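Notes to accompany the following structure.
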Amino acid sequence: MKVIESASLFRLEEQAGDLGLSQRLDPAWVRANAAPDGTHYLWPVLWHSLSHRPDVPRHVRCELLITLRAGDRVLSLLDVIPDDFTPLPRVTSREEGMQVRRLLDRAPSVREWLLREGEGSGLL
């Protein structure tokens, strides 16, 4: 599991968009809603390739736990290329990893959060 700060989250979301990767959020939404000084987490789930697009590198599909400005946490998916994923810092302990895993299991998806907040799902 990787730990990322907001600047890295913004960069990874933008890069996923630039590469046309399937799992990503609108970078403008992330910038508007993610806590600027928040801690976010990436949990690698599977390797993913786009056989119909050989120009796109193989990448890691991750569960993403985003800390929002109000302190809520939401779950999304983010595709990250290995050259960007590998150097990211890891969680510092097994205990931290287990705590984050529990948060991932309970966090609403971004879509669920938007619906609960009355913002609708057309924003993503």
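Read in my numbering, the sequence shown has 1158 at position 49, and its numbers run on one by one without any break.
We put the CB at the ideal spot given by N, CA and C, even for glycine.
No experiment lies behind these values; they were computed from the predicted model shown.
Which whole-angstrom value describes the C-beta separation of residue i and residue j, a residue pair presumed to lie in contact below a C-beta threshold of 8 Å?
i	j	result
residue 1151	residue 1189	7 Å
Counting only the same chain and skipping the five closest in sequence on each side, list residues whose C-beta sits under 8 Å from that of residue i.
i	result
residue 1156	1167, 1168, 1169, 1170
residue 1230	Any reading at residue 1230 needs caution, since the residue's pLDDT is 48, under 50, leaving its predicted position unreliable; the model's value is listed next. Result list for residue 1230: 1220, 1223, 1224, in chain order.
residue 1143	1115, 1118, 1119, 1149, 1175, 1176, 1177, 1178
residue 1180	1144
Quick check on the DSSP output: the alpha helix (DSSP H) that includes residue i runs from which residue to which?
i	result
residue 1191	1191–1194
residue 1223	1219–1225
residue 1130	Neither: residue 1130 is in no alpha helix (DSSP H) and is coded neither H nor E.
residue 1214	1203–1215
On the CB-based measure, 16 or more other CB atoms within 10 Å of its CB, does residue i come out buried or exposed?
i	result
residue 1161	exposed
residue 1226	exposed
residue 1125	buried
Which residue comes first and which comes last in the beta strand (DSSP E) that contains residue i?
i	result
residue 1170	1168–1176
residue 1139	Where residue 1139 is concerned, there is no enclosing beta strand (DSSP E), although the alpha helix (DSSP H) it sits in stretches over 1136–1142.
residue 1155	1148–1157
residue 1112	1111–1114
Spatial neighbours of residue i within its chain, please: CB distance less than 6 Å, with the 5 preceding and 5 following residues excluded, ordered by chain position.
i	result
residue 1185	1134, 1173, 1219
Please list, in chain order, all residues of the same chain as residue i whose beta carbon is under 7 Å from its beta carbon, the five residues on each side excluded.
i	result
residue 1183	1175, 1177, 1216, 1217, 1218, 1219, 1222
residue 1209	1110, 1150, 1174, 1200
residue 1154	1170, 1171, 1172
residue 1206	1110, 1200
residue 1123	1136
query: Any contact of the region 1118–1127 with the region 1201–1214, i.e. 3+ C-beta pairs under 8 Å?
result: no
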